[in-house]
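Per the numbering used here, the very first residue in the sequence shown carries number 28; after that it's consecutive.
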Amino acid sequence: MDNVILIAVLVLILGAALAYIIKAKRRGVKCIGCPAGGQCSGAKGGSSCGGCSCNCGCGHSE
């Protein structure tokens, strides 16, 4: 019984993470972990903010 609960919790966590990633990609976010990822000039439908700097180490830049 404990194994079933553990597996259900893991599936729930992985499903929530996957749903978050899919939603972010549909919004056009280039770098999901970067707080400015959806606001820089590379974002879908967004305008250039003129000074985006990504310091998360993903290589995303303006």
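Each residue gets a CB set at the ideal place from its N, CA and C atoms; glycine is no exception.
Asked	Found
Run of the alpha helix (DSSP H) containing residue 38, from where it starts to where it stops	29-54
Classification of residue 38 by the beta-carbon crowding that lies within 10 angstroms, buried from 16 upward	exposed
Supposed contact pair residue 59 and residue 48 - C-beta distance, whole angstroms, cut 8 angstroms	6 angstroms
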